[in-house]
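Worksheet for the structure shown next.
Residue numbers (the working numbering), protein chains in the order written: chain A, 16 to 234; chain B, 16 to 234.
As structure tokens, then:
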């Protein structure tokens, strides 16, 4: 059961506040549908934004650290980060340019990320990440060995301070514009998986597993 | 003709340097295929990462400012930002967990963003943004009026300091792992447009225009 949540001055939406969602369960549904996040951190007053993958374990986000080297070199623990997940659902073509929009769902999490040091927690976090991206794959793969575990970095971010923003639904035009002679509506967008491509060195006769054949982010 | 480019110490890739692309034209192809970016900026040592749309005009990126209010309140001009664009092309399912990866193309731009003040440049930038997202739509829409132009903020970011990172192609497993008994291969991912949804107040008989009916980001 997620804990109740009140936004802070840093996460209370100022613009388009009607699109704000401060409900933890709604935010978690967005986090669980996505798997690519953009992590922001600061080095010498310069922000950096790096894409990477993540998984959620209750009120904790685990972030794959491959992209975090620049940040981790700076500080061993407690790096202020912003993790943002955005799901794009469509283009909203209004009659006026001004009312054009996008349908999207996004979550912004602020906090201090720390390195996962404990090998058991790291292994558990990697399994979580893998199952988050493609459920069923972990058990079918050659498991990480000690050397690989050491070579992988994982960050832990408590989901304490966050906001979500959601725009769904149809065009909203100014009343005067409804007579403007043009098409208006929504072009839905979705990430779709294509037919899996067998590796060239695959054992002959090995079938594509269902989790790859029917891959979908719909939750 | 794009200017030649040499990475700085801030944009030279440290990890997975074999995936680095410092070629301006390759970076521009990525920027031109995407239209959603994640903008990073800093307020009181806290990084923020916000999704928004963008368009490119030569060596200049225009960023839609709807999400920039928090940043713009801080500083009128010359805000250090990082703009990152990520295109996700597939899941790479290796035989070992460690060699699992994603196919993706990303661009990271560092620089100082400034507000576009001149109304003519702002109008031109908005046209560019609109045409970048859905070519042909601008001419079919009710154009922005003075009030709407004032209510819209656009940021300008010169594309001077950047890097791109690209991972394409098949699974790369350790030689010892090729005998591990599992499926391996790539699950391609792509953003696909669905059938456009007519607005409920559409003029009867008005057809969906080709730019909405056959929407695609493939360039």
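Cβ atoms here follow ideal geometry from the backbone N, Cα and C, with glycine treated the same way.
Check your understanding: Taking buried to mean at least 16 other C-beta atoms within 10 Å of its own C-beta, is residue 183 of chain A buried or exposed?
Key -> Exposed: under 16 other Cβ atoms inside 10 Å.
Exercise for review: Verify the CB distance criterion: does residue 221 of chain B have a CB-CB separation below 8 angstroms to chain A?
Suggested key: Taking Cβ atoms only, chain A reaches closer than 8 angstroms to residue 221 of chain B, which makes this a yes.
**Study point:** Proximity winner among A:23, A:49, A:36 and A:43, relative to residue 233 of chain A (alpha-carbon distances)
**Key:** When each option's Cα is compared against that of residue 233 of chain A, the closest is A:49.
Exercise for review: Check each residue of the stretch 190-203 of chain B: if its Cβ is closer than 8 angstroms to any Cβ of chain E, include it; give the result in chain order.
Suggested key: Among the protein chains in the structure shown, which are A and B, there is no chain E.
Point to revise | Minimum Cβ-Cβ distance from residue 127 of chain A to chain B less than 8 angstroms | key: At a cut-off of 8 angstroms, the C-beta of residue 127 of chain A has no neighbouring C-beta in chain B.
Exercise for review: State the beta-bridge partners of residue 69 of chain B as determined by DSSP.
Suggested key: Answer is B:78, bridged to residue 69 of chain B.
Practice item. Compare the C-beta of residue 16 of chain B against all C-beta atoms of chain A and say whether one is closer than 8 angstroms. Key: Annotation note: pLDDT 49 at residue 16 of chain B (below 50); position unreliable, coordinate value reported separately. Residue 16 of chain B does not count as touching chain A.
**Study point:** Residues in the stretch 65-77 of chain A having any Cβ partner in chain B nearer than 9 angstroms
**Key:** Cβ contacts with chain B come from 65, 66 and 68.
Practice item. Kindly list the residues whose CB is nearer than 7 angstroms to the CB of residue 181 of chain A, restricted to its own chain and excluding five residues on each side of it in sequence; keep chain order. Key: Spatial neighbours of residue 181 of chain A in its own chain (CB-CB distance under 7 angstroms, excluding positions within 5 residues in sequence) are listed in chain order as 34, 36 and 120.
Practice item. Measure the C-alpha to C-alpha separation of residue 142 of chain A and residue 187 of chain B and round it to an integer number of angstroms. Key: Distance between the alpha carbons of residue 142 of chain A and residue 187 of chain B: 20 angstroms.
**Study point:** Extent of the continuous alpha helix (DSSP H) run through residue 145 of chain A
**Key:** Its alpha helix (DSSP H) spans residues 134-148.
Point to revise | Straight-line Cα distance separating residue 107 of chain A from residue 196 of chain A | key: Straight-line Cα distance between these residues: approximately 17 angstroms.
Exercise for review: Pull up the DSSP beta-bridge partners for residue 212 of chain A, would you.
Suggested key: Paired residue(s): B:201.
Exercise for review: Flag this pair as yes or no: are the beta carbons of residue 7 of chain A and residue 169 of chain A separated by less than 8 angstroms?
Suggested key: Since the first residue of chain A shown is 16 and the last is 234, residue 7 of chain A is not available in this structure.
Check your understanding: For residue 16 of chain B, does the three-state DSSP call read helix, strand or coil?
Key -> With a pLDDT of only 49 at residue 16 of chain B, under the threshold of 50, the placement of this residue in the model should not be trusted; the figure read from the coordinates follows. DSSP places residue 16 of chain B in coil when its eight states are reduced to three.
Review point. Counting pairs of Cβ atoms below 8 angstroms between the stretch 95-115 of chain A and the stretch 147-162 of chain B, do you hit three or more?
Key: Enough Cβ pairs lie closer than 8 angstroms, so yes.
Check your understanding: If you compare alpha carbons, which of B:134, B:199, B:203 and B:221 is closest to residue 219 of chain A?
Key -> Of the listed residues, the one whose Cα sits closest to residue 219 of chain A is B:199.
Review point. Residue 95 of chain B: which of B:57, B:213 and B:66 sits nearest, CA to CA?
Key: The shortest C-alpha separation from residue 95 of chain B is found at B:57.
Practice item. Could you tell me the distance, in whole angstroms, from the CA atom of residue 16 of chain A to the CA atom of residue 93 of chain A? Key: Residue confidence is low: residue 16 of chain A scores 49 on pLDDT, short of 50, so the model does not pin down where it sits. Its coordinate-derived value is still stated next. One C-alpha to the other measures close to 26 angstroms.
Check your understanding: Can you round the beta-carbon distance between residue 113 of chain B and residue 159 of chain A to whole angstroms, since I take them to be within the 8 angstroms contact cut?
Key -> Residue 113 of chain B to residue 159 of chain A, Cβ: 5 angstroms. Contact.
Review point. Going by beta carbon distance, what residues of the same chain come within less than 6 angstroms of residue 53 of chain A, once the five residues before and after it are set aside?
Key: Within the same chain, residue 53 of chain A has close Cβ partners 64, 66 and 99.
Review point. Is it the case that the Cβ atoms of residue 176 of chain B and residue 125 of chain B are separated by a distance below 8 angstroms?
Key: Yes. Within cutoff.
Exercise for review: Determine, using beta carbons only, whether residue 118 of chain B and residue 223 of chain B come nearer to each other than 8 angstroms.
Suggested key: Contact: no.
Review point. Are the CB atoms of residue 128 of chain A and residue 174 of chain A nearer to each other than 8 angstroms?
Key: No, Cβ-Cβ distance for residue 128 of chain A and residue 174 of chain A is not below 8 angstroms.
Review point. Which residues, in order along the stretch 98-114 of chain A, keep a beta-carbon less than 7 angstroms from a beta-carbon of chain B?
Key: Answer in chain order: 99, 101, 103, 106, 108, 110, 111, 112 and 113.
Review point. Taking the continuous beta strand (DSSP E) assigned at residue 37 of chain B, which residues delimit it?
Key: In the DSSP assignment, residue 37 of chain B falls outside any beta strand (DSSP E), carrying neither H nor E.
**Study point:** Counted within 10 angstroms of its Cβ, other Cβ atoms place residue 116 of chain A as buried (16 or more) or exposed
**Key:** Result: buried.
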